[in-house]
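Protein chains in written order, with the working numbering: chain A, -1 to 305; chain B, -1 to 305.
Everything below concerns the one structure shown next.
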């Protein structure tokens, strides 16, 4: 790659950077906060952007919470963010089903996942089974599995992180997906193999989705970063000009790839998974247009504070 | 491939075939029985082989039952088979741990699977945790997952088909396997993505193993067909001359590959997954040395019955 990344280190560079964009898409963990700790000057930076009439969109692959539920996570950090400013992978999946696929009203979605998916499907007027329904989450007798059949009223299987995954759910989804015509759609909220929790990595949605991939030999359409299907859903929802939008993130292989593939500008922050060396590595998967020590430096540099 | 397969269709060909081998390794489903139905003349054929002092070894990837428990399946069909004649993937795993790896007596195996694995590990004098222990199989609170740590007393994770798979088990195994030095061994009883049950395909051990592959990025040593590790265990146990042994099976990509890679003769039967066209297909993965309509034809041809 020949594109080089520009580090933002002065007030003038901040002003020049901000003048290029109207819409800012943010990854959350590693950008706004690290685990349970809010990063410095994030509140002030978001206020700064709002005061300049920038539009803020918070993009998360977390499928276990609906947008409404996710606002509480922001509130916990003292950040006032509306449901409409949040774009989670469950919502992305609901938008994809309803707006892109025009999912038939008389068909159902089999949900392998948590309440976040259920709430977003309900909001979008899409019927579903599975999810947190106790019939899918209690011990199912062996003959319940033997009696499983393909159900033609199920038009799609949508799989995300499921902390209550069990054999019955996997077998149920397999029975729907594993037909010769493969007419039942296979969607995944996201395919991250792991996710960080309390300083550890735990199995992510991709680990759950992988069970269905293995037993069916099929690959899902993924609706989380860095899938272009998610970007298409965001563009459909917010109708922004990609050239005037900037993706802000801490990971090259998700956030920066996501922004670059979508034709957006990119701002890489050094408060997360990857570091400064990552963006100059020979085998880097993306070259962000801009990078900065931390998001809060946008505010601090403009206001003459030490970085 | 240039090897051609010889179809056995006369009594003289049966006699010539039988004279070439002392040991017969059998796949079970699709060879001896189909689901719940015993195939014709199987009893007589096994008696014939025994009367000629052939040694019989029944090889199964089913890890949910120990060899002792699996004898009951044979008895149900009226077949008298001893524990010592059965080589299941759970036993294979126990042999591999104890004889090949010399697994330390002071270390434990984390079992993701059913009682078949537990029984064979107990028989081999290997300590384990997990498996059917209720502490791994009841609803585990979220803080149980957050408290999970790498446990250096766990020397290996052994994963098979687990009809009671849950998130806690996956996270527990991930915590053991996902260390920088990768010193905890990763074994799988087998990696079949699906298995047939009552005329349907259901998610197999490979689907469960796949969860650990996805969240750790590691590949296990597989101890079932067609893994050469299983063949090594069988050879260590029975000490036969491969050139005087014949693998009998209904699948090219498991049984016939397994026999061929192990340097054994191979007999392909047409009562299972693959058919006659499979062995002449351009892209075939194995060319069996012999094939026959069904196993029972060995007896029927010798005794002048219609095939």
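By construction, the Cβ of each residue, glycine as well, lies at the ideal position given by its N, Cα and C atoms.
Distance, residue j Cα to residue i Cα
i: residue 15 of chain A; j: residue 297 of chain A; result: 12 Å
i: residue 238 of chain A; j: residue 269 of chain A; result: 27 Å
i: residue 66 of chain A; j: residue 81 of chain A; result: 5 Å
i: residue 163 of chain B; j: residue 139 of chain A; result: 14 Å
i: residue 104 of chain B; j: residue 122 of chain B; result: 14 Å
i: residue 116 of chain B; j: residue 93 of chain B; result: 13 Å
i: residue 78 of chain B; j: residue 176 of chain B; result: 45 Å
i: residue 260 of chain B; j: residue 101 of chain A; result: 51 Å
i: residue 111 of chain B; j: residue 206 of chain B; result: 9 Å
i: residue 151 of chain B; j: residue 227 of chain B; result: 25 Å
i: residue 267 of chain A; j: residue 44 of chain A; result: 15 Å
i: residue 51 of chain B; j: residue 289 of chain B; result: 22 Å
i: residue 249 of chain A; j: residue 272 of chain A; result: 6 Å
i: residue 232 of chain A; j: residue 194 of chain A; result: 24 Å
i: residue 90 of chain A; j: residue 19 of chain A; result: 23 Å
i: residue 172 of chain A; j: residue 166 of chain A; result: 10 Å
i: residue 208 of chain A; j: residue 22 of chain A; result: 32 Å
i: residue 156 of chain B; j: residue 11 of chain A; result: 55 Å
i: residue 264 of chain A; j: residue 192 of chain A; result: 24 Å
i: residue 258 of chain A; j: residue 24 of chain A; result: 14 Å
i: residue 87 of chain A; j: residue 61 of chain A; result: 5 Å
i: residue 125 of chain B; j: residue 106 of chain B; result: 5 Å
i: residue 184 of chain B; j: residue 128 of chain B; result: 15 Å
i: residue 308 of chain A; j: residue 96 of chain B; result: In this structure chain A extends from -1 to 305, so residue 308 of chain A is not present and cannot be described.
i: residue 204 of chain A; j: residue 114 of chain A; result: 16 Å
i: residue 159 of chain B; j: residue 199 of chain B; result: 14 Å
i: residue 47 of chain A; j: residue 242 of chain A; result: 14 Å
i: residue 108 of chain A; j: residue 201 of chain A; result: 21 Å
i: residue 276 of chain A; j: residue 31 of chain A; result: 20 Å
i: residue 300 of chain A; j: residue 42 of chain A; result: 11 Å
i: residue 254 of chain B; j: residue 230 of chain B; result: 16 Å
i: residue 188 of chain B; j: residue 252 of chain B; result: 11 Å
i: residue 282 of chain B; j: residue 99 of chain A; result: 39 Å
i: residue 5 of chain A; j: residue 180 of chain B; result: 37 Å
i: residue 33 of chain B; j: residue 120 of chain B; result: 29 Å
Where residue i falls, given that 16 or more other Cβ within 10 Å makes a residue buried
i: residue 35 of chain A; result: exposed
i: residue 211 of chain B; result: buried
i: residue 153 of chain B; result: buried
i: residue 278 of chain A; result: exposed
i: residue 118 of chain B; result: buried
i: residue 17 of chain B; result: exposed
i: residue 286 of chain A; result: buried
i: residue 8 of chain A; result: exposed
i: residue 169 of chain B; result: buried
i: residue 307 of chain A; result: Nothing in the structure corresponds to residue 307 of chain A, since chain A is present only between -1 and 305.
i: residue 284 of chain B; result: buried
i: residue 49 of chain A; result: exposed
i: residue 302 of chain A; result: exposed
i: residue 39 of chain A; result: buried
i: residue 71 of chain A; result: buried
i: residue 141 of chain A; result: exposed
i: residue 178 of chain B; result: exposed
Cross-chain neighbours of residue i in chain A, by beta carbon under 8 Å
i: residue 144 of chain B; result: 195, 196, 198
Proximal chain B residues relative to residue i, where beta-carbon distance stays under 7 Å
i: residue 192 of chain A; result: 213
Chain D contact for residue i (CB, 9 Å cutoff)
i: residue 223 of chain B; result: This model lacks chain D altogether; the protein chains it does include are A and B.
**OP:** Note down, in chain order, all residues in the region 149 to 173 of chain B with a beta-carbon under 8 Å from any beta-carbon belonging to chain A.
**Re:** 160, 161, 162, 163, 164, 165, 168, 169, 172, 173
Original post:
With a cut-off of 8 Å, do at least 3 Cβ pairs link the region 210 to 217 of chain B to the region 76 to 92 of chain B?
Top reply: no
Original post:
Which of the residues in the region 174 to 190 of chain B, read from start to end, lie with their CB under 8 Å from any CB of chain A?
Top reply: 176
Original post:
When Cβ atoms are compared, which residues of the region 198 to 219 of chain B fall closer than 9 Å to chain A?
Top reply: 198, 199, 200, 201, 202, 204, 205, 206, 207, 208, 209, 210, 211, 212, 213, 214, 215
Subject >> Where the region 234 to 262 of chain A meets chain B: residues whose CB sits under 9 Å from a CB there >> reply: none
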